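Numbering (the numbering used here), first residue to last: 1311 to 1653.
Right, one structure below, let's go through it.
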């Protein structure tokens, strides 16, 4: 099962809206086939693993391991449970049950009814964590939410407005930390910022220092005051603009109206759920980040620490989470916190 998890991780960032799944086929304690789901619409892990077995006669006396319950419904591809049955495999070991209502135990039921021996729950905690985005989306009806910010040694996220250079960004962290941020963007479906971040920093919110697809860009712009010349309105990727004035689509720009007299984060989460977005990075600024923290709508926080000081400016968000990881990136620090309420 550990090998299933290892394989599944290769699909991070490319399988949405599908989960991360790896599969291994074992005959007499030897792996004879393996595979992982690589992209939505393409073959599932079980299909690739079965097809990779050179001697198909061995399948009848083999065991298939899969990190997530085999699907039982027709989507873009046929049901994996049917293929397992048709291949003659009689022993199936599963990590997690699928929370998707279209599956949710039906795959296991189909295998059992066909005479397969099925064992469920092997390394289920590890398999659940692997698909934390997929599970949160289906169980909580919202995306998995990552908070991300960089703060100075004296606890500021940005300098005072008058200290900002309109043509040159103020970097708190080094180029290696910034490359890691681009890797994160390539792994998640969407990235969100507020109006002030766009006006002050003009970010592109794309993947430049890492291989991968650009995330969907999300901007909160209540009064639509951001000029159409900013980078997030270019044609590089889809951009959603939450505002209080209009609903319309203009090329790759999608304007969605929400009620700014009510709490913003829950409305955004509901809208992203309707759009099948399973994960989002909230990149700021401080007001936007704090609004999601105060609404308790976050799962992990990525906090980069630089060794420079501003003396004054915009304070970093106040976030009470459990520290689960800490490391150095040259002279920067990188800490990951988890919201205990997301477990």
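The C-beta atom is built at its ideal place from N, Cα and C for all residues, glycine as well.
Note that the structure is a prediction, hence the values are computed from the model and not measured.
Taken in chain order, the complete alpha helix (DSSP H) segments of 4 or more residues contained in the segment 1355–1412 are 1355–1362 and 1390–1397. When the Cα atoms are used, residue 1567 and residue 1312 turn out to be separated by approximately 45 Å. Judged by DSSP in its simplified three-state form, residue 1510 adopts helix. Per DSSP, the continuous beta strand (DSSP E) segment holding residue 1553 begins and ends at 1549–1553. The segment 1555–1626 is shown to contain whole beta strand (DSSP E) runs of 3 or more residues at 1558–1560, 1563–1567, 1589–1594 and 1610–1615, in chain order.
Going by beta carbons, residue 1519 and residue 1488 fall inside the 8 Å limit. Approximately 6 Å separates the beta-carbon atoms of residue 1462 and residue 1482; this is inside 8 Å, confirming the contact. Excluding its 5 nearest sequence neighbours in each direction, residue 1365 has C-beta neighbours in its own chain below 8 Å: 1342, listed in chain order.
By the criterion of at least three beta-carbon pairs nearer than 8 Å, the segment 1360–1375 is in contact with the segment 1402–1410. Bounds of the beta strand (DSSP E) holding residue 1460 are 1454–1461. Sorting 1608, 1398 and 1421 by C-alpha distance to the C-alpha of residue 1381 places 1421 at the top. By a beta-carbon distance limit of 8 Å, residue 1346 contacts residue 1332. Their separation comes to about 4 Å. In terms of Cβ geometry, residue 1317 and residue 1337 do not form a close pair [threshold 8 Å]. In the three-state scheme derived from DSSP, where H, G and I count as helix and E and B as strand, residue 1427 is classed as strand. In summary, residue 1618 is exposed, with fewer than 16 beta-carbon neighbours lying within 10 Å of its beta-carbon over all protein chains present. For the set 1505, 1522, 1527 and 1523, the Cα lying nearest the Cα of residue 1514 is the one of 1527.
Using a Cβ distance threshold of 8 Å, residue 1500 and residue 1440 do not count as a contacting pair. Between the segment 1615–1630 and the segment 1463–1470, the count of Cβ pairs shorter than 8 Å is three or higher; the stretches touch. Just so you know, the alpha carbons of residue 1454 and residue 1442 end up roughly 7 Å apart. Under the three-state reduction of DSSP output, residue 1337 falls in the strand class. Only buried fits residue 1408, as 16 or more other CB atoms lie within 10 angstroms of its CB.
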